[in-house]
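Chemist: Everything in the sequence shown is counted per the working numbering, starting at -14 for the first residue and increasing by one. Cβ coordinates follow ideal geometry from the N, Cα and C atoms, glycine included. Remember, predicted model here, so these are calculated numbers, not experimental data.
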Amino acid sequence: MEGVVTKVISNRYTVKCEDQKYIAHARGRIKLDKDIFVGDRVQLIKSKPYAIIDKILPRTNELSRLAVANVDVVVIVIAIVPTPDLVLVDKIIVKCHKEGIRPVICYNKTDLATTQQIALTTAGYRSFDLIKVSASTEEGLSSLDEIIENNVVCFAGQSAVGKTSLINAISDLNLKTGQLSYKISRGKNTTRHVESYELKGGIVIDTCGFSMFDINDLKSNELKYYYDDYMIESFNCKYKDCNHINEPECAVKKKVNEKKLNRGRYLRYRTIYKELDKK
Ligand SMILES: Nc1nc2c(ncn2[C@@H]2O[C@H](COP(=O)(O)OP(=O)(O)OP(=O)(O)O)[C@@H](O)[C@H]2O)c(=O)[nH]1
Ligand SMILES: [Mg+2]
Ligand SMILES: [Zn+2]
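1. Just the Cα atoms here: how many angstroms apart are residue 256 and residue 250?
2. Mapping DSSP to helix, strand and coil, what is residue 102?
3. Please report how far the alpha carbon of residue 79 lies from the alpha carbon of residue 248, in whole angstroms.
4. According to DSSP, simplified to helix, strand and coil, what is residue 191?
5. Is the beta carbon of residue 77 closer than 7 Å to that of residue 61?
6. Cβ of residue 229 versus every heavy atom of ligand 3: is any distance shorter than 6 Å?
7. What runs of the beta strand (DSSP E), each 3 residues or longer, lie entirely inside the region 121 to 158?
8. For my contact list, residue 84 and residue 47 are in at a C-beta cut-off of 8 Å; report their separation, rounded to the angstrom.
9. How close, in whole Å, do the beta carbons of residue 176 and residue 51 come, if the pair is a contact with beta carbons under 8 Å?
10. Would you call the CB atoms of residue 72 and residue 93 closer than 7 Å?
11. My understanding is that residue 45 touches residue 181, with C-beta atoms under 8 Å, so please give their C-beta distance in whole angstroms.
12. Under the DSSP definition of a beta bridge, which residues are partnered with residue 90?
13. Compute every distance between the C-beta of residue 39 and the non-hydrogen atoms of ligand 1, then say whether any falls below 6 Å.
14. Cβ of residue 222 within 6 Å of any heavy atom in ligand 3?
15. In chain order, what residues of the same chain have a beta carbon less than 8 Å from the beta carbon of residue 208, not counting five sequence neighbours either side?
16. Where residue 70 and residue 241 are concerned, what is the direct C-alpha to C-alpha distance, given to the nearest angstrom?
17. When DSSP labels each residue in this structure, what does residue 196 get in the three-state scheme?
18. If you drop the 5 nearest sequence neighbours on each side, which residues of the same chain put their C-beta closer than 7 Å to that of residue 23?
19. Starting from residue 82, trace the alpha helix (DSSP H) in both directions and tell me its first and last residue.
Dropping the structure here:
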């Protein structure tokens, strides 16, 4: 039988085959090979007391940090609290581009932020799909509907930005949500496992909050390929393979200085570049 993994809790997998859900374990040898993610299409053997996952079918894409596979969209959730880590956001975007996944920036908790604060944080993302919502007041939630319809959509972001709250707000799932520790302005990692839900004509995946995101499989001089607006500009750089760091007559830097490209996002590009360069 073929099925899709809908939930992973340590070594127990829930697999949906046709309209049945099975609790499954993995056959030893495939687990050694790679981890099984929510969204994985698998071959399942019925058996008692657990079904057995015999094989992971080829993935169209994977985000190993989030433990998901075969997704169409990643909704990257940020909010006024916890303080957004935009380097983290940019790394997720890079990874999405690399894997052929559509990133959507989702500013949640608009009820707590001023228009100005929201504009400042999101200034570097004008060329992206950007939605502004509030799980509390339900403002803007209809914009999620069209993103979800006919897609597999994974919610990602720091702990306590409101990923689970947003899923609750568009469903009657009533999943457990957590609180922010205001002392340290950090979440408490309330969601501890990854699970998918059928919602709004699509599939929504709730993931665990994180504060680190690795893109170390990338070389520093490959980073530029995942910045679409820099790619367009690079035809005007003096050097064909310009990394837009210290090269002379760099068109990207010029545009940043002319305020035609967002400075914050460019500085974060430099940060990520240098991080990759050290490896
Ligand atoms: N004011 C306000 N609070 C919100 C909103 N959305 C979520 N919250 C609050 O933010 C806190 C964290 O929400 P969660 O949904 O648990 O956050 P999460 O991103 O799932 O966090 P993890 O599971 O730890 O990764 C809760 O106290 C929510 O009530 C919102 O739109 N406005
Ligand atoms: Mg959660
Ligand atoms: Zn350049």
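Modeler: Taking the coordinates as given:
1. Within the sequence shown, numbered from 1, the residue matching residue 256 stands at position 271. Within the sequence shown, numbered from 1, the residue matching residue 250 stands at position 265. Distance between the alpha carbons of residue 256 and residue 250 is about 10 Å.
2. Numbered from its first residue, the sequence shown carries residue 102 at position 117. Three-state DSSP puts residue 102 in a helix.
3. One-based indexing of the sequence shown puts residue 79 at position 94. One-based indexing of the sequence shown puts residue 248 at position 263. The straight-line gap from Cα to Cα measures roughly 17 Å.
4. On the sequence shown, residue 191 is found 206 positions in, with the first residue counted as 1. Residue 191: strand per DSSP, three-state reduction.
5. In the sequence shown, the residue the question calls residue 61 occupies position 76. In the sequence shown, the residue the question calls residue 77 occupies position 92. Using a Cβ distance threshold of 7 Å, residue 61 and residue 77 count as a contacting pair.
6. The count along the sequence shown starts at 1 and reaches residue 229 at position 244. Residue 229 Cβ: within cutoff of ligand 3.
7. 137 to 141
8. As a first step, residue 84 is located in the sequence shown; it is residue number 99 there, counting from the start. As a first step, residue 47 is located in the sequence shown; it is residue number 62 there, counting from the start. 7 Å between Cβ atoms; contact.
9. Here residue 176 is taken as the residue at index 191 of the sequence shown, counted from 1. Here residue 51 is taken as the residue at index 66 of the sequence shown, counted from 1. That pair is no contact at about 11 Å.
10. For this step, residue 72 is matched to residue 87 along the sequence shown. For this step, residue 93 is matched to residue 108 along the sequence shown. Against a cut-off of 7 Å, the Cβ pair of residue 93 and residue 72 comes out as no contact.
11. Sequence index remark: in the sequence shown, residue 45 carries index 60 (1-based). Sequence index remark: in the sequence shown, residue 181 carries index 196 (1-based). About 15 Å separates the two Cβ atoms, so there is no contact after all.
12. Mapped onto the sequence shown, residue 90 falls at position 105. Looking at the DSSP assignment, residue 90 forms a beta bridge with 61, 115.
13. The residue labelled residue 39 in the question sits at position 54 within the sequence shown. No; taking the cut-off as 6 Å, the Cβ of residue 39 has no heavy atom of ligand 1 nearer than that.
14. Here residue 222 corresponds to residue number 237 of the sequence shown, with the count starting at 1. Yes.
15. Here residue 208 corresponds to residue number 223 of the sequence shown, with the count starting at 1. So the qualifying residues of the chain are 79, 228, 254, 257, 258, 261.
16. Counted from its first residue, the sequence shown places residue 70 at position 85. Counted from its first residue, the sequence shown places residue 241 at position 256. If you take the alpha carbons of residue 70 and residue 241, they lie about 21 Å apart.
17. One-based indexing of the sequence shown puts residue 196 at position 211. Reduced to three states, the DSSP call for residue 196 is coil.
18. Position 38 of the sequence shown, counted from the first residue, corresponds to residue 23. Excluding residues within five positions, the ones whose Cβ falls inside 7 Å are -10, -9, -8, -7, 52, 53, 179, 180, 181, 190.
19. Against the sequence shown, residue 82 aligns to sequence position 97. Start and end: 71 to 84.
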